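Q: Once you know that position 106 of the sequence shown is 107 in UniProt numbering, the rest is easy, because the numbers rise by one and skip nothing.
Beta carbons are placed, not taken as given, at the ideal position from N, Cα and C, and that holds for glycine.
Please read these numbers as outputs of a predicted model, since none were measured by experiment.
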Amino acid sequence: KVFTSKLCTTLHTPEFEFHGGAQSQHYECPERREAILKYLESHSDSFEVTEHVEDFGYEPIKRVHKQGFLNYLETAYDEWILEGGHPNGVMPSTIPHYRLARLGGQTPTNSLTNAGEYCFDMSAVITKDTFKAAWNAAQVTLTATKDLVRVADQYEKGLAAGTTVSREAPPGLYALVRPPGHHAQSDLCGGYCFLNNVGIAAQWLIDRPELRQKDGQPKKVAIIDIDFHHGNGTQELFYKTSNPLYASLHGRDAYPHFTGAATERGEGEGLGFSINVPLPRSTSDDEYVEALEKLIQEHIIPYDADYIIISLGVDTFKDDPIAGFLVTSEAYPRIGNAIRKIGLPTLFVQEGGYCVEKLGLNVGGILQGFLG
Ligand code: SP5
Ligand code: ZN
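1. Regarding Glu237 and the ligand SP5, is the C-beta to nearest heavy atom distance less than 6 Å?
2. Indicate the three-state DSSP secondary structure (helix, strand or coil) for Gly361 in the structure shown.
3. Whole alpha helix (DSSP H) runs in the region 196-265 with 4 or more residues, listed along the chain?
4. Please give me, in chain order, every unbroken run of the alpha helix (DSSP H) with length at least 4 that falls completely inside the region 63-104.
5. Report the residue from Gln298, Gly269, Asp154 and Arg253 whose alpha carbon sits nearest the alpha carbon of Ala213.
6. Counting Cβ pairs closer than 8 Å, one from the region 244-253 and one from the region 273-280, do we hit at least three?
7. For Ser25, does the count of other Cβ atoms within 10 angstroms reach 16, so buried, or fall short, so exposed?
8. Quick one: grab the DSSP three-state call for Tyr333.
9. Excluding the five sequence neighbours on either side, which residues of its own chain have a C-beta within less than 7 Å of the C-beta of Lys220, listed in chain order?
10. Since Pro19 sits in a beta bridge, which residues does DSSP pair it with?
11. When every heavy atom of the ligand ZN is checked, does at least one fall within less than 6 Å of the C-beta of Gly252?
12. Among Phe326, Gly267, Leu345 and Leu296, whose alpha-carbon lies nearest the alpha-carbon of Asp305?
13. Rank Pro109, Val199, Gly105 and Glu35 by C-alpha distance to the C-alpha of Pro93 and give the top, closest one.
14. Just the Cα atoms here: how many angstroms apart are Tyr193 and Glu35?
15. For a test of your reading of the model: does the CB of Tyr308 fall under 6 Å from any non-hydrogen atom of the ligand SP5? Yes or no.
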């Protein structure tokens, strides 16, 4: 089942961004959702698409993001325009580098300095309705997450009763959303991301009052981030906790460049619960699938989660215009199948993937592979 909303196409449409200092088209574009939707609708025997969205309000968002940051996202564009900013949207130009000698302790006073305070790069343009778009993406993701609890319950009951369900065919749901979320930290946007959809969903699951029967602890969530880029945002949110587990396969030294080293393993109670597997650009289909299967065997299975959340990026694709390994379209069903074999209720949440032409095929490949 697929959860989405027309607002994921219409609300957030910046005209341009910058790559290597040059102005370029905005790769995280509305056509991305349309392309994926088109694939899913033409395979309606496998996928049921719903635009039903519930409103979970501010609470689940405030569990992972700071109030000052949320206020900023909501008001940034209007202030930016009042202060003469370009109508494409808010983009920082001065970001307080950690060696910048802020000897007077200066804090932000206007839209430009606020952008420096709350945004870590120039690739998260805030337009008039960006906050609404990010809010909507989070609510769509939460709607799917609530349904995950329902299908997981049915699955458990079915397994216990020894009926038709089997560990070999776990239930799966997909939130087709944009803007994406995995680069958004508790109080920083960047990398096309504003609200961390996966982080919000994971925390919401952990906050549910239902407990694990085995040990009386909250339900356990394992996040597997298969976007080409490291999910610095999701990792930061959960770096000091053992639940959820965060595990990422990503391009070594690629964007966001300064995070995602294999030596980042979590801190305090979270030590060992952030797992980073940087891979070379030369990674092929076989190498990628092997790395994923190894990650699953060594870290995901022993973690003994109740739910899996996948940060689903297909910018691992060889022809992605801003990223990519040597991975071909044939790898995606294999990736989906490896995730299916974990045998747990799984929520897929859309992150990156910018080769619009093959986006439906690649995302659809993962979902088809999961369905078996
Ligand atoms: C969610 C997600 O996938 N965000 C990625 C944001 C990446 N933004 C900056 C990428 C810079 C790569 N520049 C390479 C240009 C090659 N033409
Ligand atoms: Zn990405």
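A: The short version:
1. Not so, every heavy atom of the ligand SP5 lies at least 6 Å from the Cβ.
2. It is helical.
3. The region 196-265 contains these whole alpha helix (DSSP H) runs: 198-208 and 233-238.
4. Considered as a whole, the region 63-104 harbours 68-83 as its complete alpha helix (DSSP H) runs of no fewer than 4 residues, in chain order.
5. Residue identity check: residue 213 is Arg in the sequence provided, not Ala. For Arg213, the closest C-alpha among the options Gln298, Gly269, Asp154 and Arg253 is that of Asp154.
6. The region 273-280 and the region 244-253 touch, with three or more beta-carbon pairs separated by less than 8 Å.
7. It counts as exposed.
8. The answer is helix: DSSP assigns Tyr333 an H, G or I state.
9. Closer than 7 Å at the Cβ level, and outside the excluded window around Lys220, lie Leu206, Ile207, Arg209, Glu211, Arg213, Asp307 and Tyr308.
10. First, the amino acid is wrong: residue 19 is Phe here, not Pro. Looking at the DSSP assignment, Phe19 forms a beta bridge with Gln24.
11. Taking the Cβ of Gly252 as the reference point, every heavy atom of the ligand ZN lies at 6 Å or farther away.
12. The residue with the shortest Cα to Cα distance from Asp305 is Leu345.
13. Selected option, being the one with the closest Cα: Pro109.
14. If I take the Cα positions, the gap works out to 18 Å.
15. Incorrect: Tyr308 has no Cβ contact closer than 6 Å to the ligand SP5.
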